[in-house]
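When you read off a place in the sequence shown, starting at 1, and then add 405, the result is the number in the numbering used here.
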Amino acid sequence: MPLLLGVNIDHIATLRQARYAKMPESASAEPCPVESGHDAVAGGADSLTLHVRGDRRHMQDADAYRIRAEVKSPLNLEMGVS
Numbered sequence: 406m407p408l409l410l411g412v413n414i415d416h417i418a419t420l421r422q423a424r425y426a427k428m429p430e431s432a433s434a435e436p437c438p439v440e441s442g443h444d445a446v447a448g449g450a451d452s453l454t455l456h457v458r459g460d461r462r463h464m465q466d467a468d469a470y471r472i473r474a475e476v477k478s479p480l481n482l483e484m485g486v487s
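Here it is in structure tokens:
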């Protein structure tokens with residue numbers, strides 16, 4: 406079985422939230438987790454990993470939905486059971 410590359414893109418959202426904490430949905434908010442997902446897959450990633458925290462401090466629900474809809478790659482969600 407060959408090794409597969411899964412890329413965790415949580416920290417892309419962390420950077421965005423740090424820069425645009427009061428307006429993460431702004432058109433100028435960057436870096437964009439969706440664009441980063443596309444870049445990772447184009448660069449050879451076999452799957453993407455997202456950690457959706459209970460407090461939504463980094464990755465937002467909208468990010469996960471958009472990535473699922475727009476990036477054609479297997480998706481691994483890390484989530485609490487709460």
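For each residue, glycine too, the CB sits at the ideal point set by N, CA and C.
Under the three-state reduction of DSSP, G411 is assigned to strand.
Cβ-Cβ separation between M464 and A432: approximately 19 Å, too far for a contact (criterion under 8 Å). P407 sits exposed, since fewer than 16 C-beta atoms from the chains shown fall within 10 Å of its C-beta. P438 and L455 have their C-alpha atoms spaced approximately 10 Å apart.
A residue is called buried when at least 16 other Cβ atoms come within 10 angstroms of its Cβ; R424 does not meet this threshold and is exposed.
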